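Enquirer: First the structure, which I've put down as structure tokens, then a few questions once you've had a look.
Residue numbers (the working numbering), protein chains in the order written: chain A, 12 to 424; chain B, 452 to 990.
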């Protein structure tokens with residue numbers, strides 16, 4: 012009997028091992044094609060685009076009507092995003108490509124600038140499937156952005172602007188002189204500006220900076236023929252344009268041309284250098300894909316900043332006593348930095364301690380759960396005027412997490 | 452024959468359809484599992500495979516618990532399914548292997564013929580044999596004979612012990628009987644006939660009892676089911692022969708079991724005779740390396756009343772003793788030692804004072820000399836002053852041949868032997884020990900029985916006075932009967948005293964030998980007596 016049982020068991024195990032002796036379902040060479048195929052075959056979504064940047068997988072889907080008239084996420088679009096996310100999850104879990112992060116960007120083609128971005132850690136997807144983490148915890152680990160992207164909206168505005176310039180629209184007559192020198196030296200109606208290249212940077216939630224290269228054509232006004240020597244027809248020009256999408260009527264906040272007239276002479280600025288000197292606040296490019304390979308430090312800092320917000324908004328006791336205005340996270344030179352602006356609804360002496368304590372506790376917990384070690388310390392800054400700042404080394408943070416150091420001791424340092 | 456083969460195949464299918472169904476379902480599930488696994492994406496496949504050992508373990512535990520609960524509460528425990536059937540040729544006990552019970556064999560051979568010639572019997576219109584009851588002491592070869600019947604008749608054989616049917620749950624035994632006969636019917640269908648052997652039949656075949664408290668219900672229901680099943684063996688439908696074996700007296704069994712149509716035939720299997728024992732010794736000695744000069748006849752004479760199983764045990768024990776003594780072959784000495792060990796138990800040397808040891812030696816010598824010279828039917832085969840179990844010494848007598856009755860002379864000799872120890876102690880030491888208590892008890896019982904029960908008193912009181920209620924016996928009669936009992940004892944005592952006095956020199960010699968050697972064997976005893984020109988009581 013026992014021999015028979017052993018024999019049966021060994022046959023079962025042999026057959027099972029045979030069935031597992033194959034390649035991963037989605038080979039590393041075909042990750043992008045696999046996602047596209049899955050979306051197309053199973054969900055009839057044929058406009059999905061996929062790009063891999065290092066170990067980050069970027070998926071982009073343009074959707075018509077991502078938001079409804081009340082600017083809320085459309086139910087149908089939401090379902091499509093879920094379908095794409097599921098396809099993406101299936102592939103990243105069953106491939107031999109070592110992927111670390113994924114981003115899924117859905118942009119509205121109708122209401123330009125509206126986008127929904129999901130950013131996550133691949134291992135979290137595996138862990139939630141293995142029930143190693145709860146679904147609630149998993150959702151907290153995903154970076155969710157549903158916003159109006161100033162870059163996307165701004166680019167459309169800029170294209171509209173140049174179109175209006177070329178059409179000599181009445182609406183832009185006031186700003187024409189800002190496009191120096193073509194509207195100063197050219198004959199009226201002879202100007203033609205062709206946009207060669209647009210680069211953009213997200214300056215904040217509402218502002219985007221654009222660096223535009225153009226080729227410009229014109230007929231000189233009588234008396235300005237000599238300028239042909241400096242600005243021949245089809246000369247290269249550059250502009251920096253700052254767009255603020257909060258200004259619905261006129262989102263163009265500032266236009267800076269490369270050339271300018273000063274002191275009876277024509278001068279020029281290095282706009283490229285100026286553009287490069289600004290820091291890009293966003294991580295998804297104008298094409299819908301990550302601009303660079305995402306890093307664990309950055310991901311954790313972003314996640315902690317968002318979780319702090321969620322904590323103060325969801326915890327009953329904290330919600331009643333505090334209001335979170337801003338909470339931002341970043342990692343610079345190995346230091347995890349968190350800037351927050353949290354105001355107290357019922358001010359008391361203990362407020363500072365509670366806020367710092369909760370933030371540090373939460374940060375320590377997240378860092379510990381990810382077993383993240385690649386940082387020197389953590390800096391928590393109250394960004395309000397006269398706000399305090401607390402710095403903890405990696406070891407101190409661990410001690411605080413374990414309850415070996417009290418917040419009072421940290422605040423007095 | 453092709454029909455019989457087809458029947459066997461059908462029978463096999465009928466018997467194993469559950470197993471076959473389970474195996475088919477398992478194979479199908481296995482194929483589906485592998486197919487299902489390979490259709491999964493690699494992550495989920497690996498996940499499933501990783502969980503599989505635990506799943507299998509958990510499934511195994513659950514199945515085990517389920518089976519245990521099911522077997523315990525619904526099938527009466529795991530012992531329920533142990534009636535394994537053997538084909539006739541697989542039983543492998545041949546007719547020639549059954550030895551020492553020739554008469555029983557002759558009767559059993561008729562049974563074999565009846566099974567073999569069933570068709571012929573049906574043609575003539577004779578009644579088919581349904582049951583055969585083997586009665587006899589344990590170890591005499593009842594099971595062996597049943598197996599031999601199965602081998603000779605070339606039919607399957609199912610064996611179960613009566614105790615295997617009994618459970619505390621009412622109805623379990625009955626269900627086991629049903630299952631046993633269901634299986635037997637299958638086998639009879641496939642092989643033409645089948646033997647169901649129920650050993651220790653008395654466990655379920657005792658006279659049914661009815662109690663208001665409900666006791667004995669299980670045995671009753673089991674027996675009822677057995678009766679029903681035996682009645683259900685319709686002559687045309689199946690050829691099942693039920694062989695029951697019991698060492699209980701025939702009266703113990705329920706009358707319903709013994710009526711014609713159930714256990715029609717009864718074979719009494721007794722202990723083997725002298726010739727039988729010789730054959731049994733020869734048979735078992737063949738299985739071991741032994742001294743070629745071994746006198747089988749002498750061994751057989753020494754092993755009076757021994758069953759074949761006991762003889763088998765003696766030979767096995769002798770082989771063990773030979774191995775322990777680093778001997779290549781088994782000789783008479785080892786067999787003799789094995790007999791002693793089995794009959795008398797293991798030696799247990801107690802520390803005794805010189806005086807006490809001497810007293811024991813005189814006591815045992817008294818028995819020895821009395822038995823050798825006065826006993827008409829028994830030989831002394833050993834005398835010992837080594838303590839075994841509760842005794843400090845013993846003289847082992849052995850009947851020279853099977854005797855099934857005891858005459859007056861023999862009974863008197865038995866009393867005299869018992870008194871021998873007392874007489875010798877008194878003559879040597881002028882006092883006696885309490886070692887005589889059991890001897891006196893035995894002697895008195897014998898004398899009492901002689902007078903009160905079997906009419907052997909000198910006064911001529913004939914009849915069994917013990918059956919008359921004591922209140923109906925006159926005091927005078929009781930006194931007279933008791934006087935007669937006393938006379939027998941006194942006469943025997945006088946006889947023994949005369950003998951011991953006369954043979955005191957032999958007594959002293961034996962005492963000396965016993966004190967030196969602790970034990971004296973049959974040969975040594977014979978030699979000493981011959982030395983003094985003494986021989987056995989003339990038979």
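All C-beta atoms in this analysis are idealised placements derived from N, C-alpha and C, irrespective of residue type, glycine included.
Model, not experiment: these values are computed from the prediction.
1. Can you say whether residue 730(B) is buried or exposed, counting buried as having 16 or more other CB atoms within 10 angstroms of its CB?
2. Please tell me whether residue 874(B) and residue 836(B) are closer than 8 angstroms, where the distance is taken between their beta carbons.
3. Should residue 793(B) and residue 829(B) be called a contact, given that it needs their Cβ atoms to be closer than 8 angstroms?
4. Check residue 402(A) in the structure and name its three-state DSSP category.
5. When Cβ atoms are compared, which residues of the region 479-497 of chain B fall closer than 7 angstroms to chain A?
6. What three-state label does DSSP hand residue 644(B) in the structure shown?
7. Between the region 635-651 of chain B and the region 459-479 of chain B, are three or more C-beta pairs nearer than 8 angstroms?
8. Just how far apart, CA to CA, sit residue 231(A) and residue 352(A)?
9. Count the other C-beta atoms from every protein chain shown that fall within 10 angstroms of the C-beta of residue 753(B), then say buried if there are 16 or more, exposed otherwise.
10. Might you give, ordered along the chain, the residues of its own chain that have their beta carbon closer than 7 angstroms to the beta carbon of residue 864(B), omitting 5 neighbours on each side?
11. Mapping DSSP to helix, strand and coil, what is residue 742(B)?
12. For residue 197(A), does the three-state DSSP call read helix, strand or coil?
13. Can you tell me whether residue 382(A) is helix, strand or coil according to DSSP?
14. Chain B beta carbons: is any one of them nearer than 8 angstroms to that of residue 141(A)?
15. Anyone know if the C-beta pair for residue 610(B) and residue 651(B) falls short of 8 angstroms?
16. In chain order, what residues of the region 96-119 of chain A put their CB closer than 7 angstroms to some CB of chain B?
17. For residue 149(A), which of helix, strand or coil comes out of DSSP?
18. Just to confirm my understanding: we take residue 691(B), look at its own chain, exclude 5 residues before and 5 after, and list those with CB closer than 8 angstroms. What are they?
19. Is residue 36(A) close to chain B, meaning its C-beta is less than 8 angstroms from at least one C-beta of that chain?
20. To which residues of the same chain is residue 371(A) closer than 6 angstroms at the C-beta, ignoring the five residues directly before and after it?
21. What are the boundary residues of the beta strand (DSSP E) that residue 225(A) is part of?
22. Can you list, in chain order, the stretches of the beta strand (DSSP E) that have 3 or more residues and sit fully within the region 114-177 of chain A?
23. Grouping DSSP H, G and I as helix and E and B as strand, with all else coil, what is residue 686(B)?
24. If you measure between the beta carbons of residue 720(B) and residue 555(B), is that distance less than 8 angstroms?
25. Given the structure, does residue 481(B) come close to the ligand NAD, in the sense that its CB is under 7 angstroms from one of the ligand's heavy atoms?
26. Can you give, in chain order, each stretch of the beta strand (DSSP E) that sits fully within the region 63-107 of chain A and has at least 3 residues?
27. Spell out a yes or no on whether the region 162-175 of chain A and the region 216-236 of chain A are touching, meaning 3 or more CB-CB pairs, one atom from each, closer than 8 angstroms.
28. How many angstroms separate the CA atom of residue 819(B) from the CA atom of residue 868(B)?
29. I want to see whether chain A comes within less than 8 angstroms of residue 686(B), judged by CB atoms only; does it?
30. Once DSSP output is grouped into helix, strand and coil, what is the label at residue 111(A)?
31. Pairs of beta-carbons, one from the region 91-99 of chain A and one from the region 334-341 of chain A, closer than 8 angstroms: are there three or more?
32. Given a cut-off of 8 angstroms, decide if residue 880(B) and residue 973(B) are closer than it, judged by their beta-carbon atoms.
33. Should residue 241(A) go down as buried or exposed, given a rule of 16 or more other Cβ atoms within 10 Å for buried?
34. Exposed or buried, residue 478(B), counting other C-beta atoms within 10 Å across all chains shown (16 or more means buried)?
Expert: The structure says:
1. buried
2. no
3. no
4. strand
5. 481, 485, 488, 489, 492, 493, 494, 496, 497
6. coil
7. yes
8. 55 angstroms
9. buried
10. 825, 826, 827
11. coil
12. strand
13. coil
14. yes
15. no
16. 101, 104, 105
17. helix
18. 581, 632, 635, 636, 639, 644, 645, 646, 647, 684
19. yes
20. 411
21. 218-228
22. 125-132, 154-159
23. Annotation note: pLDDT 49 at residue 686(B) (below 50); position unreliable, no value reported.
24. yes
25. In the structure shown, the ligand NAD is absent, as is every other ligand, since no ligand is present at all.
26. 67-74
27. yes
28. 8 angstroms
29. With a pLDDT of only 49 at residue 686(B), under 50, the local geometry of the prediction cannot be trusted, and no value is derived from it.
30. coil
31. no
32. no
33. exposed
34. exposed
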